[in-house]
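**Q**
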Amino acid sequence: MELTYAPENFESDWYAKWEAGGVFRPEINPGGEPFCMVIPPPNVTGQLHMGHALNHVMIDAIIRRKRMQGFAALWVPGTDHAGIATQNVVEKSLAKEGITRQELGRERFLEQIWGWKETYGDRITLQMRTLGDSCDWTRERFTMDEGMSRAVREVFVSLWEEDLMYRGFRMGNWCPSCGTAISDIEVEHEDEIGELAHLRYPLEDGSGHLVVATTRAETMLGDTAVAVHPEDERYTHLIGKFITLPLIGRRIPIVADSFVDPEFGTGAVKVTPAHDPNDYEIGLRHDLPVIQVLDLEAKVNDNGGEFAGMDRFEARTAVKEALDALGLLEGVEEHSHSVGHCSRSGTVVEPMLSDQWYVKVRPLTDPAIDVVRDGTAGFNPKRWENSYFHWMENLRDWCVSRQLWWGHRIPAWFCDECGDGTEAKVFVSREDLSHCPDCGGAVRQDEDVLDTWFSSALFPFSVFNWPDETTDLERFYPNNAMLTGFDIIYFWVARMLQMGIHFMEEVPFPTIVIHGLVRDEHGRKMSKSLNNGIDPMLVIEDHGADPLRLALLQSAAPGHDVVFDMSRVEAARRFGNKLWNAARLVLQHVEPGSVPAEGGYPEDPAPADAWIMERFGEVQRSFDDLCEKYRFSDAYAALYSFVWSELFDWYLELSKPALYDEATNEATVQTLGAVFRDALKLFHPAMPFLTEELWSELVGDGFIATASWPELPEVHGPASMGTMQDLIGGVRSFRSQHGISPRVPISILFTDQGNEVEEWWTPLLEALANVTMAPVAQELGAGHTRIVAGGVHGFIALEGLIDVGAERARIEKAIAGFEVDSKKANAKLSNEKFVASAPEEIVAKVNGQMEAAQSQIEALRSQLQELG
RNA sequence: GGGCUCUUAGCUCAGGGGGAGAGCGCUUCCCUGACACGGAAGAGGUCGGAGGUUCAAAUCCUCUAGGGCCCACCA
2 MELTYAPENF
12 ESDWYAKWEA
22 GGVFRPEINP
32 GGEPFCMVIP
42 PPNVTGQLHM
52 GHALNHVMID
62 AIIRRKRMQG
72 FAALWVPGTD
82 HAGIATQNVV
92 EKSLAKEGIT
102 RQELGRERFL
112 EQIWGWKETY
122 GDRITLQMRT
132 LGDSCDWTRE
142 RFTMDEGMSR
152 AVREVFVSLW
162 EEDLMYRGFR
172 MGNWCPSCGT
182 AISDIEVEHE
192 DEIGELAHLR
202 YPLEDGSGHL
212 VVATTRAETM
222 LGDTAVAVHP
232 EDERYTHLIG
242 KFITLPLIGR
252 RIPIVADSFV
262 DPEFGTGAVK
272 VTPAHDPNDY
282 EIGLRHDLPV
292 IQVLDLEAKV
302 NDNGGEFAGM
312 DRFEARTAVK
322 EALDALGLLE
332 GVEEHSHSVG
342 HCSRSGTVVE
352 PMLSDQWYVK
362 VRPLTDPAID
372 VVRDGTAGFN
382 PKRWENSYFH
392 WMENLRDWCV
402 SRQLWWGHRI
412 PAWFCDECGD
422 GTEAKVFVSR
432 EDLSHCPDCG
442 GAVRQDEDVL
452 DTWFSSALFP
462 FSVFNWPDET
472 TDLERFYPNN
482 AMLTGFDIIY
492 FWVARMLQMG
502 IHFMEEVPFP
512 TIVIHGLVRD
522 EHGRKMSKSL
532 NNGIDPMLVI
542 EDHGADPLRL
552 ALLQSAAPGH
562 DVVFDMSRVE
572 AARRFGNKLW
582 NAARLVLQHV
592 EPGSVPAEGG
602 YPEDPAPADA
612 WIMERFGEVQ
622 RSFDDLCEKY
632 RFSDAYAALY
642 SFVWSELFDW
652 YLELSKPALY
662 DEATNEATVQ
672 TLGAVFRDAL
682 KLFHPAMPFL
692 TEELWSELVG
702 DGFIATASWP
712 ELPEVHGPAS
722 MGTMQDLIGG
732 VRSFRSQHGI
742 SPRVPISILF
752 TDQGNEVEEW
762 WTPLLEALAN
772 VTMAPVAQEL
782 GAGHTRIVAG
792 GVHGFIALEG
802 LIDVGAERAR
812 IEKAIAGFEV
822 DSKKANAKLS
832 NEKFVASAPE
842 EIVAKVNGQM
852 EAAQSQIEAL
862 RSQLQELG
């Protein structure tokens with residue numbers, strides 16, 4: 002073995018061997034109960050970022066542990082076609098060559114994107130392999146592959162048939178730069194300081210004017226009314242009168258609508274039904290004309306008169322200037338309000354009327370709310386359920402059509418012949434239509450595609466080739482858990498629940514584990530725009546995948562954001578080195594390849610062996626418990642601390658004296674091998690590569706990845722272990738404070754009130770503290786100092802070698818410490834209510850603390866006197 | 001406007017009714033036959049502030065200050 006841990010030497014080899022060995026397929030555990038999770042599918046042309054790494058490491062830790070526990074564990078990998086994102090990327094790349102998609106045409110543009118997908122589609126899956134994701138690649142899916150397209154079409158058509166899908170001409174969110182409608186959750190609201198312009202609208206009869214307030218002056222070009230509150234006394238006399246719209250000259254009515262808030266602005270609202278959702282509603286109520294003044298690129302159209310051709314922001318200024326010139330701009334005040342931006346492009350979203358496809362959500366959300374309320378599916382942490390309910394209860398119909406080319410084409414065909422003259426007849430079909438089913442004439446397919454999230458909503462069952470009734474579908478639906486970031490609860494989780502319940506009649510997963518975002522060391526969200534992202538691939542290059550994995554797992558407190566700290570990765574790497582070197586020590590005493598894959602604990606362990614077995618058993622139970630609760634950071638913190646501080650710092654040192662005596666070391670060799678092997682097993686879900694490498698040295702049989710999850714035998718260690726550790730600590734501390742080298746042997750005479758000192762202590766005390774011990778009948782005074790551990794009092798002859806002043810200080814400090822303990826305990830015990838109300842074991846515990854502290858103080862005080 | 005969340009050691013963060021924890025950093029000693037990517041011994045927090053509940057509060061409740069996030073048709 003190399004002298005130090007060098008992950009780059011073996012990580013990629015192991016991945017290839019696992020994959021070739023079918024380790025990641027559920028079939029590796031043929032009799033096992035299924036345990037399945039699906040990946041939150043990353044963008045097919047994307048790159049693995051730290052957020053993916055966090056998500057994958059947690060999923061992989063679950064899956065690998067379940068696999069070792071004998072489950073037919075399956076992690077289904079896949080990628081998402083990511084409609085807008087991918088189309089935008091390819092368009093941008095074409096733009097560099099001066100080509101637009103329109104010039105290319107739909108068919109050739111799609112060829113370009115498929116080519117792009119071929120080129121970059123492997124990148125992220127290779128990166129996932131580098132990270133160690135134990136996905137079953139034989140079941141890999143892409144949201145636009147044939148099977149999933151079939152599922153999408155089946156769902157679309159079924160929803161249509163059930164009257165849960167409809168086409169409607171409505172006011173929706175439009176992104177002028179992406180050139181498509183977007184759903185409500187794709188709009189990001191940001192608070193901005195804008196201007197509230199007060200405009201004078203002259204009354205038709207010349208009797209004066211009405212002042213309206215607006216943040217979007219350019220929309221006045223499309224005004225078809227002014228609305229006031231019906232009970233607003235300032236304006237009641239004007240209701241029914243008309244205004245001459247400035248700049249345009251249109252005659253528009255003053256209407257009464259209780260939507261208007263008399264408190265806001267002037268209490269009079271200009272109404273632009275074509276470009277504002279509220280105004281649209283008012284327009285419907287009052288039968289107002291709808292006049293579009295902005296085109297799909299958000300430029301003023303021919304209805305905008307002299308402003309035609311201007312961008313909406315340009316027009317905003319121009320309109321205000323023009324009104325000002327007419328003396329109709331009464332004033333402008335600062336106004337803070339929230340402005341919607343497209344989550345993809347950042348462009349300000351324009352409310353726009355258009356024909357779109359909608360999913361009627363209420364029939365889908367109600368059951369999805371119920372299953373969370375009744376606990377059939379639950380979020381972890383539970384508090385996410387509140388936002389889930391709030392969102393689901395207020396959800397509006399989902400606009401699923403997108404005016405893009407990259408995506409699932411909407412399976413609807415129009416026949417103009419069979420239409421009613423204004424609208425074509427619509428046919429929604431599972432099979433492609435080449436002619437009209439009614440008249441046999443020509444049909445044209447809807448040009449639009451579906452929202453990317455439409456296909457990912459089906460992921461938990463579409464990956465198994467639903468609607469076919471496959472064996473996999475039967476075995477792995479419902480999935481056993483979903484683990485993802487809070488940022489896609491609405492986009493993805495909520496919709497999987499709706500679709501899963503509706504089409505499979507069962508929740509897609511009973512448990513939803515939500516983690517946070519990865520932030521940089523200053524707590525800022527890692528993002529492209531801030532350029533503060535840390536590329537996990539570079540971290541792996543520098544430190545290895547295992548250290549990154551362990552660092553992320555240790556940082557991932559449930560439900561909290563993760564502050565990525567490189568020093569944690571470095572620490573995890575040092576831990577890897579520690580494991581590596583511990584293995585080298587173990588292999589000096591244990592025949593390489595001789596450790597059994599499981600069991601192998603001695604029947605008759607030596608005291609130190611029994612102690613570590615007992616401690617390990619306790620730690621393992623707590624570790625398993627924490628893992629089942631998805632508290633990985635706590636689980637691995639506990640394991641890490643046990644392995645380093647107890648197994649390595651204590652047990653390896655304690656085992657050495659026994660190991661060097663080859664005639665009698667059998668039990669210790671067995672313990673050492675078995676304990677170390679099981680420590681590797683527990684670390685395998687976090688550090689798969691390193692543990693596999695060490696397994697191959699230690700066990701050399703099969704993969705640790707498919708080895709059994711450890712079961713520690715029930716063993717009780719010696720009760721006096723703690724006292725011995727305290728004694729060793731006391732001696733070391735004594736040495737340190739007096740500058741006595743560990744090489745200088747120390748003789749200790751001792752009294753033993755609790756009869757704790759045992760024969761087996763002798764070699765261990767020599768090895769770990771370089772002390773020899775001999776019993777003495779009574780306490781020793783002058784010329785000695787005292788080290789107290791439990792009921793054992795050790796006396797060290799001073800022989801003038803140590804500084805009495807320093808020793809006095811040492812003892813005084815020790816006394817002060819015990820006095821704090823004693824006081825605290827005493828305060829509680831002298832409180833009658835405490836003694837009466839606190840649980841018995843707590844009272845007993847405090848009592849014990851009190852007694853222990855007082856006996857220590859007593860002993861040390863007399864020592865102080867003896868020092869003179 | 002509604003909701004959630006955070007404030008704990010110099011730094012970055014866990015924990016969450018019964019003696020304050022981790023990583024990094026810091027001090028002293030040690031290259032002892034696995035490991036200096038190491039070992040041993042230490043220093044360092046009245047757990048944002050004020051009330052309250054309780055035998056017991058960093059932990060639960062209320063208020064308060066300051067961060068962060070989400071939702072909302074704020075012309």
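Note that the numbering used here has the first sequence beginning at 2, numbered continuously upward. Ideal Cβ positions, reconstructed from N, Cα and C, are used throughout, including at glycine.
If you measure between the beta carbons of Y281 and P352, is that distance less than 9 Å?
**A** As a first step, residue 281 is located in the first sequence; it is residue number 280 there, counting from the start. As a first step, residue 352 is located in the first sequence; it is residue number 351 there, counting from the start. A contact, by the Cβ cut-off of 9 Å.
**Q** I'd like to know whether the C-beta atoms of P658 and E767 end up nearer to each other than 9 Å.
**A** Here residue 658 is taken as the residue at index 657 of the first sequence, counted from 1. Here residue 767 is taken as the residue at index 766 of the first sequence, counted from 1. Closer than 9 Å, so yes.
**Q** How close, in whole Å, do the beta carbons of S344 and E189 come, if the pair is a contact with beta carbons under 8 Å?
**A** Stepping through the first sequence from its first residue, residue 344 is reached at position 343. Stepping through the first sequence from its first residue, residue 189 is reached at position 188. Confirmed, Cβ separation roughly 5 Å.
**Q** What does the alpha-carbon distance come out to for the pair D325 and S159?
**A** Taking the first residue of the first sequence as position 1, residue 325 is located at position 324. Taking the first residue of the first sequence as position 1, residue 159 is located at position 158. Computed Cα separation, rounded: 56 Å.
**Q** Assign H57 to buried or exposed, taking buried as 16 or more other Cβ atoms, counted over all protein chains shown, within 10 Å of its Cβ.
**A** As a position in the first sequence, residue 57 is number 56, starting the count at 1. Buried, since its Cβ has 16 or more Cβ neighbours within 10 Å.
**Q** For the structure I just gave you, are there three or more beta carbon pairs, one from the segment 784-799 and one from the segment 727-734, closer than 8 Å?
**A** Touching, per the Cβ criterion.
**Q** If we require 4 or more residues per run, which alpha helix (DSSP H) segments fall completely within the segment 650-721?
**A** Runs of the alpha helix (DSSP H) inside the segment 650-721: 654-661, 667-684 and 689-699.
**Q** Nearest to G341 by CA position, among Q864, D417 and E187, is which residue?
**A** Your numbering for residue 341 matches position 340 in the first sequence. The shortest Cα separation from G341 among Q864, D417 and E187 belongs to E187.
**Q** Considering only residues of the same chain and omitting the five flanking positions on each side of N302, which have a CB-CB separation below 7 Å?
**A** By 1-based counting over the first sequence, the position of residue 302 is 301. Q293, V294, L295, D296 and A309.
**Q** By a C-beta neighbour count over all protein chains shown, 10 Å radius and 16 as the cutoff for buried, is G52 buried or exposed?
**A** Locating residue 52 in the first sequence gives position 51, where the first residue counts as 1. The residue in question, G52, is buried, as its Cβ has 16 or more Cβ neighbours within 10 Å.
**Q** With a CB to CB cut of under 6 Å and the five nearest residues on each side skipped, what residues in its chain are close to P41?
**A** Looking up residue 41 in the first sequence gives position 40. The answer, listed in chain order, is T485.
**Q** Please return the same chain residues whose Cβ sits closer than 7 Å to the Cβ of M505, not counting the five positions on each side in sequence.
**A** Position 504 of the first sequence, counted from the first residue, corresponds to residue 505. Counting only Cβ-Cβ distances below 7 Å, and skipping sequence neighbours, we find F462 and Y478.
**Q** Measuring alpha carbon to alpha carbon, tell me which of E629, S346 and W399 ends up nearest Q357.
**A** Looking up residue 357 in the first sequence gives position 356. Nearest of E629, S346 and W399 to Q357, Cα basis: W399.
**Q** Can you check which of these residues, Y631, D804 and P719, is closest to I515 by C-alpha distance?
**A** On the first sequence, position 514 is the one that residue 515 refers to. Looking at the Cα atoms, Y631 is the closest of the given residues.
**Q** For G122, report the span of its alpha helix (DSSP H) as first-last.
**A** By one-based count along the first sequence, residue 122 stands at place 121. Run containing G122: R107 to L132, per the alpha helix (DSSP H) assignment.
**Q** Taking 8 Å as the threshold, find out whether the segment 445-464 comes into contact with the segment 68-88 through three or more Cβ pairs.
**A** Output reads yes: the segment 68-88 touches the segment 445-464.
**Q** Go ahead and pull the three-state DSSP assignment for G173.
**A** Here residue 173 corresponds to residue number 172 of the first sequence, with the count starting at 1. Here G173 sits in strand by DSSP.
**Q** Got a sec, what are the start and stop residues for the alpha helix (DSSP H) C628 sits in?
**A** Within the first sequence, residue 628 is the residue found at index 627, counting from 1. Residues P608 to E629.
**Q** Suppose you measure from the CA of E604 to the CA of T669; what does that come to, to the nearest Å?
**A** On the first sequence, position 603 is the one that residue 604 refers to. On the first sequence, position 668 is the one that residue 669 refers to. Cα-Cα distance, rounded: 11 Å.
**Q** Would you say S456 and M149 are within 9 Å of each other, going by their C-beta atoms?
**A** As a working note, residue 456 is residue 455 in the first sequence. As a working note, residue 149 is residue 148 in the first sequence. Yes. Within cutoff.
**Q** What are the uninterrupted segments assigned as beta strand (DSSP E) that are 3 or more residues long and contained completely in the segment 243-286, given in chain order?
**A** If we require 3 residues or more, the beta strand (DSSP E) runs fully inside the segment 243-286 come out as 243-245, 252-257 and 269-272.
**Q** Between L248 and A323, how many whole angstroms is the CB-CB distance? I'm expecting something under 8 Å.
**A** Taking the first residue of the first sequence as position 1, residue 248 is located at position 247. Taking the first residue of the first sequence as position 1, residue 323 is located at position 322. Their Cβ separation, rounded to whole angstroms, is 6 Å, which keeps L248 and A323 in contact under 8 Å.
**Q** With DSSP run on the structure shown, which of helix, strand or coil describes W407?
**A** Numbered from its first residue, the first sequence carries residue 407 at position 406. The answer is coil: DSSP assigns W407 none of H, G, I, E or B.
**Q** Below 8 Å on the Cβ atoms is my contact criterion, and I expect T216 with G284 to pass it. Report the Cβ-Cβ distance as a whole number of Å.
**A** Counting from one through the first sequence, the residue named residue 216 turns up at place 215. Counting from one through the first sequence, the residue named residue 284 turns up at place 283. The pair is not a contact, with the Cβ atoms about 19 Å apart (cut-off 8 Å).
**Q** Apart from the five residues just before and just after S595, which ones in its own chain have a Cβ nearer than 6 Å to its Cβ?
**A** Position 594 of the first sequence, counted from the start, is the residue given in the question as residue 595. The answer is none, since no qualifying residue turns up.
**Q** Can you give the beta carbon distance from I240 to V229, rounded, assuming they're within the 8 Å contact cut?
**A** For this step, residue 240 is matched to residue 239 along the first sequence. For this step, residue 229 is matched to residue 228 along the first sequence. Indeed they touch by this definition, with Cβ atoms about 7 Å apart.
**Q** Out of V620, F649, E647 and P711, which one is the CA nearest neighbour of Y637?
**A** Taking the first residue of the first sequence as 1, we reach residue 637 at position 636. Ranking V620, F649, E647 and P711 by Cα distance to Y637 puts V620 first.
**Q** Taking just the CA atoms, how far does I63 sit from F72?
**A** Counting from one through the first sequence, the residue named residue 72 turns up at place 71. Counting from one through the first sequence, the residue named residue 63 turns up at place 62. If you take the alpha carbons of F72 and I63, they lie about 11 Å apart.
**Q** Please classify T181: is it buried, with 16 or more other beta-carbons within 10 angstroms of its beta-carbon, or exposed?
**A** The residue labelled residue 181 in the question sits at position 180 within the first sequence. When all chains shown are included, T181 counts as buried.
**Q** Per the DSSP calculation, N381 is bridged to which residue(s)?
**A** Position 380 of the first sequence, counted from the first residue, corresponds to residue 381. In the DSSP output, where bridge partners are listed per residue, N381 has V514.
**Q** Measure from the alpha carbon of F624 to the alpha carbon of each residue in F260, R569 and F684, then state which is nearest.
**A** Taking the first sequence and counting its residues from 1, the one referred to as residue 624 is at position 623. The option with the nearest alpha carbon to F624 is F684.
**Q** Kindly indicate which three-state DSSP category S456 falls into: helix, strand or coil?
**A** Within the first sequence, the letter at position 455 stands for residue 456. Helix, per DSSP.
**Q** Measuring alpha carbon to alpha carbon, tell me which of I513, E205 and G266 ends up nearest I255.
**A** Stepping through the first sequence from its first residue, residue 255 is reached at position 254. Nearest option by C-alpha distance: E205.
**Q** Which first and last residues belong to the alpha helix (DSSP H) in which R66 is found?
**A** Translated into the one-based positions of the first sequence, residue 66 becomes position 65. From DSSP, the alpha helix (DSSP H) with R66 extends over M51 to M69.
**Q** With a 10 Å radius around its C-beta and 16 neighbouring C-beta atoms as the bar for buried, classify H872 as buried or exposed.
**A** Absent from the model: residue 872. The displayed extent of the chain is 2 to 869, so no value can be given.
**Q** Quick one: residues in its chain with C-beta nearer than 6 Å to the C-beta of A675, no 5 flanking neighbours on either side, listed in chain order?
**A** What you label residue 675 is simply residue 674 of the first sequence in a count that begins at 1. Around A675: G601 and Y602.
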